[in-house]
Structure formats: C-alpha cells, structure tokens
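Notes follow the structure.
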Amino acid sequence: MTYRINGSIGRVVAPPIAEAREWVRGRRFPEDMPLIDLAQAVPGYPPPAELTRRLAELVDDPETHRYTDIEGLPPLRMALARHMSDVYRTDIAADRVCITAGCNQAFCLAVMALAGYGDEVLLPLPYYFNHQMWLQSLGIAPIYLPFDAERGGTPDAAAANSRVTERTRAIVLVSPNNPTGAVYPPSALKAFYDLAKARGIALIVDETYKDFLPTEDRAHALFDDPNWGETFVQLYSFSKVYCLTGYRVGSIVAGRRLLDQVAKAMDCVAICAPRIGQEAALYGLCHLQEFRAKNAMLMRERVAGLKDALRQRNTGYELVSIGAYFAYLRHPFDGEPAHAVARRLADAQNILCLPGSMFGPQQEPFLRFAFANAAADRFPDLVDRLAASARA
Ligand SMILES: Cc1ncc(COP(=O)(O)O)c(C=O)c1O
Numbered sequence: 033m034t035y036r037i038n039g040s041i042g043r044v045v046a047p048p049i050a051e052a053r054e055w056v057r058g059r060r061f062p063e064d065m066p067l068i069d070l071a072q073a074v075p076g077y078p079p080p081a082e083l084t085r086r087l088a089e090l091v092d093d094p095e096t097h098r099y100t101d102i103e104g105l106p107p108l109r110m111a112l113a114r115h116m117s118d119v120y121r122t123d124i125a126a127d128r129v130c131i132t133a134g135c136n137q138a139f140c141l142a143v144m145a146l147a148g149y150g151d152e153v154l155l156p157l158p159y160y161f162n163h164q165m166w167l168q169s170l171g172i173a174p175i176y177l178p179f180d181a182e183r184g185g186t187p188d189a190a191a192a193n194s195r196v197t198e199r200t201r202a203i204v205l206v207s208p209n210n211p212t213g214a215v216y217p218p219s220a221l222k223a224f225y226d227l228a229k230a231r232g233i234a235l236i237v238d239e240t241y242k243d244f245l246p247t248e249d250r251a252h253a254l255f256d257d258p259n260w261g262e263t264f265v266q267l268y269s270f271s272k273v274y275c276l277t278g279y280r281v282g283s284i285v286a287g288r289r290l291l292d293q294v295a296k297a298m299d300c301v302a303i304c305a306p307r308i309g310q311e312a313a314l315y316g317l318c319h320l321q322e323f324r325a326k327n328a329m330l331m332r333e334r335v336a337g338l339k340d341a342l343r344q345r346n347t348g349y350e351l352v353s354i355g356a357y358f359a360y361l362r363h364p365f366d367g368e369p370a371h372a373v374a375r376r377l378a379d380a381q382n383i384l385c386l387p388g389s390m391f392g393p394q395q396e397p398f399l400r401f402a403f404a405n406a407a408a409d410r411f412p413d414l415v416d417r418l419a420a421s422a423r424a
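Mapped onto the numbering used here, the consecutive letters of the sequence shown carry residue numbers 33 to 424.
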C-alpha cells in the first residue's frame, strides 16, 4: 500500500519551462550556430553592481538573518506604495501592500484568499501557464475567454460577462501579456473592472511587465476609484525590472479585507518573503530609477528590432503580437502541433522557444519567443534560421 496523490494537482501539467530545457540539455552547439534561448522570460543582463554590493554588505548584518513582518519590511511596503502612487497618480497607503516571494506566489496567495474548490475563475486564452496550473491545483475551474488574434490578443469584457456564474470569484488578466506581449489599452482594463465590480467579483491584474510598457503613460486608471480595493487586486514582480529572478520578490496591492486573508496563507507557506530579496527590491525602488528606465528603453528597442527583422525577411512566420518581453508568432506549418514545431526548431535550428499549446487550448498555431533573453544583434540570425526552418 502506498499513499495517493491529490487528484487536483495530479492532473496539472508538468512545469513547462523545465520540459523545454530538457530538449537541449547536454547538447553542444557549434560556434556558427549557437543556441538562441528564447524560452524563459528572464533579463539577459545582470543586476547592477551597486545592488549586489549593497546585498553583500547586508549579508553581514545580523538583522538580515531574521524573518520580516508577514506582509514585508515596512520601508519596502512604503516605498512600493509610493512608487505605485507615482506611477498611477493616486495615493496608495503602505498597508495596502503585501510583499510576496515573487509574483507567482502573489497570484497563489491572492487566489487562495478569493476562491476555493468548485469555484470558477475567468482566464483569457492564451493564459500564463502557472495561473492555470495553480487554479487546477486548488480544484478551481478556469473558465477560458477566447483568443482573438484580430484584437491583438486583448480579451473582450463582453465575452467575459456572459461567462460569469454564481461560482465565479475572479477575472485574471496579465498586461503586458505573457505569452502574447499584448498591452491591453486602459479602456479594456476599465471595461473588465466595471464588469467585475458590477458582478461582485475580483479583478486580478498581473503587472509583472509593467516596467516594460511602450510609453511612459500610466497603464490604467483603476486606482482612481476610491473603492478600488473592493474589486481590484494588483500583482507585481521585482524579478524582471531589477534582475532579481532568484531572489523571489513580488507584491500584492489590494484592499485590507483581502490582505488580512492573504496574511494567513503567507504565514503558513513562507512566513514572509525572503528578506534579502526584500532588501534588494527596496534598494531597486530607492536607487535604480535610471537602471529601470534604461532597460525599459532597451526592451522597446528589441520590440522594434524584432519587428524590423521579421518585416525584412520572408520567414513564413507571422507576427501576431509583440510587446514588453514577448513575441507571439503564427508558425507556417498548418495543422502541425506547436509542440512538434518547437521541438524541431530546437533540434534543427538551435532555437529554444515555447509552443502555444503550453498556454492553453486553441494555441497550436502559435509559438512564444521571450526575447528579453537575447540581444537585438541576434535577431537577423534568428529570422534567417526561422526562414530556413520553413523551407526545410
Ligand atoms: C505573467 C507572469 N507572472 C508572474 C511571473 C513570475 O514572476 P516572479 O518571478 O515574480 O514570481 C512571470 C514570470 O515569467 C510572468 O510572466
């Protein structure tokens, strides 16, 4: 006799990035055709030396060894509240901020506080796979909103309205989007907000890529409603903006009613976010505005560079949407599963990207390219190899 696995998590797919890494593990790549790794959304550059120096100093400080408050270091909560208040031209109090071990944990905790087994959460296609995986793990049914390539990947609030039921607890959006790169217009976010408010459900917006928007304009005006905390749940990550993916630090900005429940879950799963990561995020918020702006510009240049490279070369691949860290392309192999296409690109062209099928149903025609990982001077080679794959 042996133990049984919880069927809810047992039915969840294996971690997708880990699977893609296996495709190239142990392989050697020739100098004239190195691996172009566009699988995982990680900055291809390191954090600045002034940040790592600061962290080295902190390691010797006895305070660094201790837990923090469950909801995070007070100066960090204050700094993030100030940052979000500046960005969104509003006034967010520090007690509306909970620091988490990355934005993935932020999502997990927020969802745990909002929904349970048998409930439903609306999730536009294509989804960020960890969102879908977590919902399924908890026995929460993800209810998909259709993907409309013609709308540039922005989901339609009207389509969401007809899918809200007694069991719906939340709508989840990601903007700028993973995997499509689409930046949802403020009007679309407002339409979802109005719908969520009218139907008495939460609107969760994952803003992991907010620092890589195409312009300096604020992404939305959802904090303008004095009662935003009764509807809006904002998730954020320090991973990409300050190159802290391994430090695990993110946040939830929400109403106190939700954060009181989030604190219970956080206390159980981690007690607090890693302190060294919190210190890194605080340093970033207080000292790295220039670094942030410089890399936002770098990513905008990559968006433009990849668009150009694809325009100049007839690859057979069609750019469906692009922005922030990602490009979503339609591959030219009609009817062939995206997984097989991605595998072949890895095997024959030394390009590692993710198949659309990792991001939900009806995504077989697509591939995701996470270009933050690759400098723009690799793009001509990338499109040459894509073109060669289409000819083969
Ligand atoms: C949409 C989205 N949310 C969350 C995360 C995870 O962020 P973190 O490293 O802060 O957990 C990612 C990372 O790829 C992401 O793309």
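Built from N, CA and C at the ideal position, the CB exists for glycine as well. As the structure is a computational prediction, the values presented were derived from the model and not from experiment.
Asked, Found
"Assuming contact is defined by CB atoms lying nearer than 8 Å, are residue 159 and residue 391 in contact in what I supplied?", "yes"
"In or out: residue 198 buried (at least 16 other Cβ within 10 Å) or exposed?", "exposed"
"Write down every uninterrupted run of the alpha helix (DSSP H) in the segment 259-319 whose length is 4 residues or greater and which is fully enclosed by it, in chain order.", "288-301 and 307-319"
"Decide if the segment 269-278 is in contact with the segment 119-126; the criterion is three or more beta carbon pairs, one per stretch, under 8 Å apart.", "no"
"Could you tell me if the beta carbon of residue 238 falls within a distance shorter than 7 Å of some heavy atom in ligand 1?", "yes"
"So is the beta-carbon of residue 135 under 7 Å away from any non-hydrogen atom of ligand 1?", "yes"
"Are the CB atoms of residue 310 and residue 102 within a distance shorter than 8 Å?", "no"
"The alpha helix (DSSP H) that contains residue 134, what's its start and end?", "134-146"
"Bridge partners of residue 350, per DSSP?", "362"
"Which whole-angstrom value describes the C-beta separation of residue 423 and residue 397, a residue pair presumed to lie in contact below a C-beta threshold of 8 Å?", "With a Cβ gap of about 19 Å, residue 423 and residue 397 do not count as contacting."
"With DSSP as the reference, label residue 345 as helix, strand or coil.", "coil"
"Does DSSP classify residue 176 as helix, strand or coil?", "strand"
"Does residue 69 come out as helix, strand or coil in the three-state DSSP assignment?", "strand"
"Would you kindly check if the distance between the Cβ of residue 274 and the Cβ of residue 316 is under 8 Å?", "yes"
"Secondary structure at residue 238, three-state DSSP: helix, strand or coil?", "strand"
"Leaving out five residues before and five after residue 371 in sequence, what residues of the same chain have Cβ atoms less than 6 Å from its Cβ?", "387 and 389"
"Mind checking whether the beta-carbon of residue 73 lies closer than 7 Å to any heavy atom of ligand 1?", "yes"
"Compute the beta-carbon to beta-carbon distance between residue 286 and residue 265, rounded to the nearest angstrom, for a pair I have assumed lies under 8 Å.", "5 Å"
"Are the CB atoms of residue 185 and residue 353 within a distance shorter than 8 Å?", "yes"
"Taking the alpha carbon of residue 139 as the point to measure from, which residue in 330, 283 and 334 has its own alpha carbon closest?", "283"
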